[in-house]
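First up is the structure itself, then whatever we jot down about it.
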Amino acid sequence: MANYVVNRVICRKEILDRYLIDYNPFGDGRSIPRPYITFNRLFDAKSLDEYSEKYGVTIAYNWSFLWNELSNGLYEIKFYTRWEYPIRAILRALEVSHDTVWFACEENHIYVSKFYWSGGVKEDVLHIENDYYEWEEKNPLLFDTLEDGDDDVWYFLQGYKGIWKNWESHDGFKRYLDTSAINVERPAFFEKE
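Heads up, the sequence shown is in numbering that gives the first Met the number 0, so the first residue is 0 and it goes up one at a time.
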């Protein structure tokens, strides 16, 4: 059963600073020394509680989160969410920043989603299940060396030559809305692979 969804967001520093870095995640007016990554500012929510009540799943802070600058000057943000894809935050982030790319993978590592903007939000998926598990067996200690908030699937993808396939949505990605990741129907084309 997938309890978590691992997320990796690639964006400009301006987007990180304006929408995701949050020095007052609890809405109590007190700044914290090390900011949280939240979705609050994407929706003008005053606190994590308000965001959760109005918009859904937040970052699973028990797994922490991290961000760093990449060699190309963009930033990557890594974190987990509990149970669900944070689809409302994904859609909003891509609406405000068309060059942001958001990757998500449920904990069982069946497939990876890549959400991006191309005249609207699009999702490409990469079926990794068996290849990932074979790779994981060859790299059994990698996960233990990673920082909290990170996942070894991102390192698997660096050398993987699989083919991304577009998974259309005509209803605003309702397949992810308020649905546990384990209950999201897989793309029909996976059956043909």
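All residues carry an ideal CB built from backbone N, CA and C; glycine is no exception. Values in this document were obtained by computation on a predicted structure and should not be read as measured data.
The criterion of a C-beta distance shorter than 8 Å is not satisfied by Val111 and Leu93. Note on geometry: alpha-carbon atoms of Thr37 and Lys137 lie some 35 Å from one another. When C-beta atoms of the segment 127–146 are compared with those of the segment 16–28, fewer than three pairs fall below 8 Å, so the two segments do not count as touching. Val100 has Ile9 as its beta-bridge partners, per DSSP. Counting only runs of at least 4 residues, the segment 75–143 fully encloses the following alpha helix (DSSP H) elements, listed from N- to C-terminal order: 86–95, 128–137. The beta carbons of Trp166 and Glu122 sit closer together than 8 Å.
In the displayed model, Tyr35 falls within a strand according to three-state DSSP. Val4 carries a strand assignment under DSSP once its states are collapsed to helix, strand and coil. Within its own chain, the residues whose Cβ lies closer than 6 Å to the Cβ of Asp150, once the five positions on either side in sequence are excluded, are Val5, listed in chain order. If you draw a straight line from the Cα of Arg174 to the Cα of Ala103, it comes to about 14 Å.
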